[in-house]
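One structure is given below, encoded as structure tokens.
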Amino acid sequence: MKGLDRRPRRWGCAANAVLLAFIITVPSMVVFFGARTSAPAVWINAANALRLAPARDRLLGGLLADGVDERSCHSRHQSAMYRRRAGRQPSPYLVSKLRQHEALQRRCGPGTAAYSHAQEQLRSGKSHASVGSPECKYLVSISYRGLGNRILATASAFLYAVLTDRVLLVDPSNEMGELFCEPFPGTTWLLPPDFPLTSYTNFSIQTAESHANMVKNKVISTVDVAQGLPAFAYIHLDHDATGEDKQFYCDEDQRVLRDIQWLVMRTDSYIVPGLFLVMAFQEELDMLFPEPDTVFHHLGRYLFHPSNHVWGLVTRYHDAYLAAAHQRVGIQVRVFGSAPNSPELLEQITTCAQKEGLLPELLTAGAPAATTSPPFRRRSKAVLVTSLKAWYYDKLKSMYWEHATVTGEAVGVHQPSHEEYQHFGARSHDTKAWAEIYLLSLTDVLVTSGGSTFGYVAQGLSGLTPWVMFKPDNGSVVPNPPCGRDVSMEPCFHAPPFYDCRIKQGADTGKIVPQVQHCIDVAWGLKVVPPNT
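So in our numbering, spot 131 of the sequence shown is number 135, and the numbers just go up one at a time.
Structural data, given as structure tokens:
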């Protein structure tokens, strides 16, 4: 036994000697290679930053509940390590409300006796037997359209569920379970396959059980809320919703919907600005979000955690191409599949980024080169381009490779993928799209294309107010100015109501409440803005 005791000590001495030699040798190695390339010094800085990152608030100011198994969702606890700036802090009231809602999801969600009973009620076609609002109420959110639309629609449905004390159940179509981790600890947010309304994904504006059709046909009444209620109601808030469908944003309609146990909602929009128009919700919204322009920032970071597979795509790309740069610039280019490559759009991108100081200008041919710092001190920018097309990335990359910058900065341009066309519902396409949205949200400054839900999600998750590239009236002319700073990081609601419920007539809904104004990228749209905007 004594011999065994001695061996570790002799091994420890040898290890210390090797370690000492390594420590003495490493600085000269770093200096030697630093003279050839800036990479080692930058790698060391990046490594130091990552070592410091765990000290950040991994639970995002209480937004996320503690005690969740980290192995089931790496991104939930690691995402804060990859953000150079902390997000906005949630209000204590929002944190408390989220914990209450998680308890509701566990108490009434799939697998519970309450859920089984509610399901039987729905299957029978009868409303709940008790007078008043049922103890467990449900909101089913239909998943469809592109990934950006689905994320914004789900966040909107969740806020409505919180405001009305409903369990949120998400249609599992389009790989919702494969793209995102479960957000609610101890339960699922995915609608089980034995849901009694088997054709719910086909509900449309013609569905007899739609809220608007039932009001029109006097199945339910916004005047006599005591009359019998149906087992469920369908809420149609798609892009083709009528004025009658949009009565959903009126207090009278909310009073009758309040006691219907099951609601099924279809929307492809971010309807949150419409919820701010409901007078009955305003006090609660003010307490939840004292900074009203943080709604999606908080709800997005709470709900949407990349699955482990997607998170692997995010972290590997980030570490390989973005981590070492002094500044990360995100440029989101929305191009429709049939649109040709546009030199005018390329000029708009470069003019915007250079005019706003996001990218350095280029030296013209024959101009004297800027005095450059040693490579290990030279500032660098990593430009992340996301687009269905590769052409814009190729042009930007060539520009900054073939020409020196006025500032002497090194600029690297990167694009993770270029699918050429949007493939709705394709798993590999959506996986890459979600990874790229999240990578955009990790950048330090952001340029987006007007009207793009892809860009809306990235800016909301990041907490950045982007520069928005305006859509030209004439595709052959670069807009002047090419872009403008948005008024808030909130997404734009593209299909808002144009009706003032209080006076019961058409109105400019961008002028009803101070928290809601028109968008700079979609003139008729609405968005939530900071106070005193």
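Ideal Cβ positions, reconstructed from N, Cα and C, are used throughout, including at glycine.
The stretch 189-206 and the stretch 219-230 do not touch, with fewer than three beta-carbon pairs separated by less than 8 Å. Taking 8 Å as the cut-off, the beta carbon of Y396 is found closer than this to the beta carbon of L350. CA-CA distance, Q519 to V333, rounds to 29 Å. Taking C-beta atoms as the reference points, S177 and Y204 fail to come closer than 8 Å.
Excluding residues up to 5 positions away in sequence, V417 lie with their Cβ nearer than 6 Å to the Cβ of K401 in the same chain. By the Cβ-count criterion, A90 is exposed, with fewer than 16 other Cβ atoms from all chains shown falling within 10 Å of its own Cβ. For the set A161, L67, L241 and P501, the Cα lying nearest the Cα of L143 is the one of A161. The beta carbon of H422 sits closer than 8 Å to the beta carbons of S391, L392, K393, A394 and Y397 from its chain, once the five residues preceding and following it are set aside; these are given in chain order.
Taken in chain order, the complete beta strand (DSSP E) segments of 3 residues or longer contained in the stretch 265-293 are 266-271.
Cβ-Cβ separation between G190 and R262: approximately 27 Å, too far for a contact (criterion under 8 Å). Runs of the alpha helix (DSSP H) lying entirely within the stretch 48-124 and spanning at least 4 residues, in chain order: 78-82 and 96-112.
In the DSSP assignment, F199 falls outside any alpha helix (DSSP H) and carries neither an H nor an E. Taking one beta carbon from each stretch, the stretch 123-131 and the stretch 270-288 have fewer than 3 pairs nearer than 8 Å; the two do not touch.
In this structure, the beta-carbon distance from L183 to S311 falls below 8 Å. Per DSSP, reduced to three states, the secondary structure at F252 is helical.
Around the beta carbon of Q265, 16 or more other beta carbons lie within 10 angstroms, which makes this residue buried. By the criterion of a C-beta distance shorter than 8 Å, Q286 is surrounded in its chain by F280 and V517, once the five residues flanking it on both sides are discounted. A Cβ-Cβ separation of about 4 Å places H309 in contact with C185 under the 8 Å criterion. In the structure shown, V318 falls within a helical segment according to DSSP collapsed to helix, strand and coil.
The DSSP-derived three-state label of W193 is coil. By the neighbour-count definition (other C-beta atoms within 10 Å, threshold 16), K220 is an exposed residue.
In the three-state reduction of the DSSP assignment, Y164 falls in the helix class. With contacts defined as CB atoms closer than 8 Å, V449 and E494 fail to qualify as a contacting pair. Using a Cβ distance threshold of 8 Å, G150 and T452 do not count as a contacting pair. Here T355 is actually not in contact with V526; their C-beta atoms are around 22 Å apart, not less than 8 Å.
Going by beta carbons, A69 and R103 fall inside the 8 Å limit. Annotation for M218: A212, I224, P234 and A237 place their beta carbon closer than 8 Å to its own, counting only its chain and skipping 5 residues before and after.
An exposed status is given to E406, since fewer than 16 other beta-carbon atoms sit within 10 Å of its beta-carbon. The distance from the Cβ of L465 to that of F497 is about 18 Å, inconsistent with a contact at the 8 Å cut-off.
Rounded to the nearest whole angstrom, the C-alpha separation of F293 and L362 is 31 Å. Beyond the five residues adjoining it in sequence on each side, S145 comes within less than 6 Å, by CB distance, of T158, A161, V174 and M269 in the same chain, given in chain order. Note on H243: under 16 other CB atoms within 10 angstroms of its CB, so exposed under the neighbour-count rule.
For R154, the secondary structure class from DSSP, reduced to helix, strand or coil, is helix.
C487 is bridged by DSSP to M473.
By the beta-carbon neighbour count (other beta carbons within 10 angstroms, threshold 16), N206 is exposed. Under DSSP, Q336 shares a beta bridge with T390.
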